[in-house]
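The next block holds one structure in the form of structure tokens; read it before the comments.
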Amino acid sequence: MTTPILELRKATKKYAGVPAIEDVDFALLRGEIHAIVGENGAGKSTLTKVMAGVVDLTSGQMLVEGREVDPKTPNEARELGVAMVFQETSLVPTMTVAQNLFLGQERWFNRLRGIYIAAQQFMQSLQFDVDPTAVVSLLGAAKKQMVEIARAVLHNARVIIFDEPTASLTPEEKKYFFDLLYNLKARGVSVIFISHALEEALQVSDRITILRDGRHVVTDDKAKFDRARIVQAMVGRDLSQTLYGQRKTSVRPQGRRVLSVQNLRMAAMVKNNSLSVFAGQITGVFGLVGSGRTETFKVVAGVIKRDFMHGGEVLLNGRPVRYFVPASAVRDGIVYVTEDRKIEGFFETRSVADNIYLGLLAKLRGRRKLVSKGEAAAVGKRWIERLAIRAIGGDVKAIELSGGNQQKVVIAKSLVQEPELIIFDEPTRGVDVGAITEIHQLINRLADEGKAVVVISSYLPEVMALSDRILVQRMGKVVEEYSALDATEEKIMYAAIH
Amino acid sequence: MIAALKQWSDRLLGRGDAAITVPVFDGALKSNTLIEDAAVVAELEAPQDLASDGASVFVADGLRVLRFDAGGVEAHGVEALRFERPVTALACLPGGGFAVTLDGKEVRLVGGAHDGLRFTSAAGRPLNAVNALSADTSGRLLATDGSATQPVERWKHDLMELGRSGRLLEFELAKGTGREIAARLGHAFGACRASDGGAWVCESWRHRVLRFSGDDKPDGVVVDGLPGYPSRIAPAADGGFWLSAFILRTQLVEFVLREPAFRKRMLREIEPQYWIAPALNSGNTFLEPMQGAHLKMMGIVKPWAPPRSYGLVIRLTDKGLIRYSLHSRFDGRHHGIVAAVECGGHLYMLSQGRRRLLRLSIDDAERSLGLQDATPVPEPVETLRQAQGEPSS
Chain A
775 MTTPILELRK ATKKYAGVPA IEDVDFALLR GEIHAIVGEN GAGKSTLTKV
825 MAGVVDLTSG QMLVEGREVD PKTPNEAREL GVAMVFQETS LVPTMTVAQN
875 LFLGQERWFN RLRGIYIAAQ QFMQSLQFDV DPTAVVSLLG AAKKQMVEIA
925 RAVLHNARVI IFDEPTASLT PEEKKYFFDL LYNLKARGVS VIFISHALEE
975 ALQVSDRITI LRDGRHVVTD DKAKFDRARI VQAMVGRDLS QTLYGQRKTS
1025 VRPQGRRVLS VQNLRMAAMV KNNSLSVFAG QITGVFGLVG SGRTETFKVV
1075 AGVIKRDFMH GGEVLLNGRP VRYFVPASAV RDGIVYVTED RKIEGFFETR
1125 SVADNIYLGL LAKLRGRRKL VSKGEAAAVG KRWIERLAIR AIGGDVKAIE
1175 LSGGNQQKVV IAKSLVQEPE LIIFDEPTRG VDVGAITEIH QLINRLADEG
1225 KAVVVISSYL PEVMALSDRI LVQRMGKVVE EYSALDATEE KIMYAAIH
Chain B
151 MIAALKQWSD RLLGRGDAAI TVPVFDGALK SNTLIEDAAV VAELEAPQDL
201 ASDGASVFVA DGLRVLRFDA GGVEAHGVEA LRFERPVTAL ACLPGGGFAV
251 TLDGKEVRLV GGAHDGLRFT SAAGRPLNAV NALSADTSGR LLATDGSATQ
301 PVERWKHDLM ELGRSGRLLE FELAKGTGRE IAARLGHAFG ACRASDGGAW
351 VCESWRHRVL RFSGDDKPDG VVVDGLPGYP SRIAPAADGG FWLSAFILRT
401 QLVEFVLREP AFRKRMLREI EPQYWIAPAL NSGNTFLEPM QGAHLKMMGI
451 VKPWAPPRSY GLVIRLTDKG LIRYSLHSRF DGRHHGIVAA VECGGHLYML
501 SQGRRRLLRL SIDDAERSLG LQDATPVPEP VETLRQAQGE PSS
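These protein sequence lines map, in sequence, to chains A and B. Note that the first sequence covers residues 775 to 1272 in this note's numbering. Note that the second sequence covers residues 151 to 543 in this note's numbering.
Below is the structure:
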């Protein structure tokens, strides 16, 4: 048997005495695509962070090509040939794409034009349509992800770790990405691939490792897995029928019109867009990246502003509204659960309870002059229990939670405001299957309670499983509407593309 | 002062009343072709209104009232009544007989217990453009007088003059008296008695249906923000109502309505059929004003182009929520639906634009919209609050 290019033996990492991974054995072969799957909190990210030199092992060994190593920083790991593309982008937002690509590789004198040309050629070789002169903060999530991937490939790594690489990619972009993986494999690069989308793991990987609660469950060839076996191994129970398994046979009847967007315009992103959202229904919004879905609903929620002149109208319960800050929208009963939870969703260095309490304070129109720590703790505790947020306590910092639990904090922060209209933007991006089920159940309950719910998602099975009606957006406006009973993946995708 | 400044800034920035936006056809208003596909019962001469006594359908067609038996196949109908002036509104009385409006200026009862009763004024003002009647079992008759300045057939003039002189009237048949329930309406067109005893009235130029139970001031809005101008409203057999919208809103017309100088000049200098205004039918001549995006692409007029005329009937629940809608789209023919009544499991619709009486099986329509095959939505087992052990508020 050939020596694994990367190996972990009895790897254990503890945070404040609590093991994130424990006695994990893992081996990566040369030129293989190896998927690591598991629920949020299963230890996937910690395992890969150990390999990438982001965190130290508490005990155990790491070997690269049979030689024991102990990378202390990502740079050291990169020198060993191990690079990581993070789940939430680690780019410098104020720098351009090209500058981010060559970050850490700068020479004494850098000719900016030369960097841009090199970056342009490199991005084109990967078939990534990203302008190298664009400032990263102005890019959408998918394009940021592309830059991350390009940066890892550029560093000639022998092992590249992808943490949720496809979460923000459209189906077309995913295809490019998978082609890129096969390309890397053909060049002898080994790939570790973390994904919550099990179909992707089954599609692209050679072998699959499953973790649960920080422990290794099984590693086997892809051919020996099917979806049900993976899910069962991941969560210890069969969830395959409750997630996206069954097609809708009934839809909720339409209630009163809560939101009416009429001829909305916002720069080049939203073009004369009109739509309605009704009480007691889940309105799914599907569209490719750049179709203006997120921007439309960010205007509704006051996160961004529509065109100053002739920007169209937004009517909430028949009353025209125009918000300059989200707090005004929150007070009127509109909440927007962001797609980018790390940047816009919570204060990562504040505790879970504080984050949830801040949501409540936003609703109170500044009337609360003194903040009660006791009240914050009580509110936090109540919502941690309600949404089954898996944290040691309310005083745990949000950054220390897994992706799924962070998402629940963001949702709790919104629901504490008792909204009438809830806009979920990519509610299950980077979330494990267990948490996806819980979040879906929560969204359904909100609609059953009579709330108007909007779910923006790039993942078609999710849109189809959740929505009562589906709006398809393309080039800045809604171009098609389907009842969930009529919709098929083909119809929706056709409307989104053509 | 502040209001004037606000108006000025709105005009400058395209906000508020000057936003020139139109609600979209989505949700239960999503377009289909059910009116376009409806069976043609009869070609008519000058149809105005439609009524049903439960067994037959009656059509006010010029000077005549024609009877069509439900489910019958007569192409011409049987002449039931004839008058000396055009009939502009028609209602069947619960105890037998009819209420008709002649030329919009006289409400006359024919047959039944109050045969020969006439009303030419209400609340001290003469009737001018009575366009809809609705009788109830308590011996009262609701009527809408669309405009105090323009006759029934000049509704387009009333729209372009931003008419606000419509009235909702109620006549006590036993006493022979009439009273004004509401005035200063933006073209009252269609009224109906609701299940709670209140009166619903369509205020066309404000695209809404209002509810009145007492005097003068509306109790509330039943439905507003409609994408069309509502016309007559009639009860549905299993509760709720049928609301027809005879013309449709477009951004171009909304724009013209906010430009008084343009409008006044247009009214003065252009023939009404060529105005930039909604119409009951369109596509008759190339001289008609072109709507925004009203263009052929690859030789085909796109069905989603902003229409000059359209066919629309909306099914409302008894609470005023929109359940579903029936359409004849821009590229269709059955436009200008001014009335819709239910009879014998069918919906009869009057296309004034095409001068046709149409019939549609309600079961078939609901089945095609997926409303009958769908499993009823189960009651939620538990709400989020209940799941968390809290009483629901």
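All C-beta atoms in this analysis are idealised placements derived from N, C-alpha and C, irrespective of residue type, glycine included. Note that the structure is a prediction, hence the values are computed from the model and not measured.
- In this structure, residue 990/A lies near residue 797/A, with their beta-carbon atoms less than 9 Å apart.
- Sequence-distant Cβ neighbours of residue 1061/A in its own chain, meaning closer than 7 Å and more than five residues away, are 1067, 1246, 1247, 1248, 1270.
- Distance from the CA of residue 196/B to the CA of residue 160/B, rounded to the nearest whole angstrom, comes to 43 Å.
- In terms of beta-carbon proximity, residue 502/B stays away from the interface with chain A, with every pair separated by 9 Å or more.
- Distance from residue 218/B to residue 282/B at the Cβ level is roughly 20 Å; contact not present, criterion being Cβ atoms closer than 8 Å.
- Shown in chain order are the members of the segment 168-179 of chain B whose Cβ falls below 7 Å from a Cβ of chain A: 169, 171, 172, 173, 174, 176, 177, 178.
- Assignment of residue 353/B by DSSP, reduced to helix, strand and coil, places it in the strand class.
- DSSP, read as helix, strand or coil, puts residue 990/A in strand.
- When the beta-carbon positions are compared, residue 313/B and residue 429/B stay at least 9 Å from each other.
- Chain order gives the chain A residues near residue 374/B as 1092, where near means a beta carbon separation below 8 Å.
- Cβ contact annotation for residue 999/A (same chain, cutoff 7 Å, sequence separation greater than five): 976, 982, in chain order.
- In chain order, 162, 163, 164, 165 make up the part of chain B whose C-beta sits under 9 Å from the C-beta of residue 1083/A.
- Neighbours of residue 471/B in chain A, taken as residues whose beta carbon is under 8 Å from its own, are 1028, 1029, 1030 in chain order.
- The secondary-structure analysis by DSSP pairs residue 1080/A with nothing; it has no beta-bridge partner.
- Using a CB distance below 8 Å, the part of the segment 507-520 of chain B facing chain A consists of 520, ordered along the chain.
- Residues of chain B whose Cβ lies closer than 8 Å to the Cβ of residue 1086/A are, in chain order, 169, 171.
- Contact annotation, residue 192/B with residue 227/B: C-beta distance approximately 6 Å; criterion of less than 8 Å satisfied.
- Measuring C-alpha to C-alpha distances from residue 1094/A to each of 249/B, 298/B, 375/B identifies 375/B as the nearest.
- At least one CB of chain B lies nearer than 9 Å to the CB of residue 1260/A.
- For the pair of segments examined, the segment 1093-1112 of chain A was found not to touch the segment 176-194 of chain B: the number of CB pairs separated by less than 8 Å stays below three.
- Taking the Cβ atoms as the reference, residue 188/B lies roughly 7 Å from residue 499/B, within the contact range of under 8 Å.
- The residue among 1117/A, 1092/A, 1134/A with its C-alpha nearest the C-alpha of residue 1109/A is 1134/A.
- Residue environment analysis places residue 1201/A among the buried positions, since at least 16 neighbouring C-beta atoms fall within 10 angstroms of its C-beta.
- The beta carbon of residue 1157/A lies closer than 7 Å to those of 1130, 1186, 1190 in the same chain, with the five residues before and after it left out.
- According to DSSP, residue pairing for residue 327/B in a beta bridge involves 322/B.
- In the DSSP assignment, residue 496/B falls within the beta strand (DSSP E) that extends over 496-501.
- By the CB criterion at 9 Å, residue 1090/A and residue 1106/A fall inside the cutoff.
- DSSP places residue 518/B within a helical segment (H, G or I) once states are collapsed to three.
- If you check the CB distance, residue 394/B and residue 488/B come in under 9 Å.
- Between the alpha carbons of residue 985/A and residue 1042/A lies a gap of roughly 44 Å.
- Between residue 176/B and residue 1050/A, the gap from beta carbon to beta carbon is short of 9 Å.
- 950/A is the residue among 883/A, 950/A, 928/A, 830/A whose C-alpha sits nearest the C-alpha of residue 903/A.
- By the Cβ-count criterion, residue 211/B is buried, with 16 or more other Cβ atoms from all chains shown falling within 10 Å of its own Cβ.
- For residue 806/A, the closest C-alpha among the options 820/A, 1211/A, 780/A is that of 780/A.
- When 7 Å is used as the limit between beta carbons, residue 1052/A is near these residues of chain B: 177, in chain order.
- When the beta-carbon positions are compared, residue 319/B and residue 294/B come within less than 9 Å of each other.
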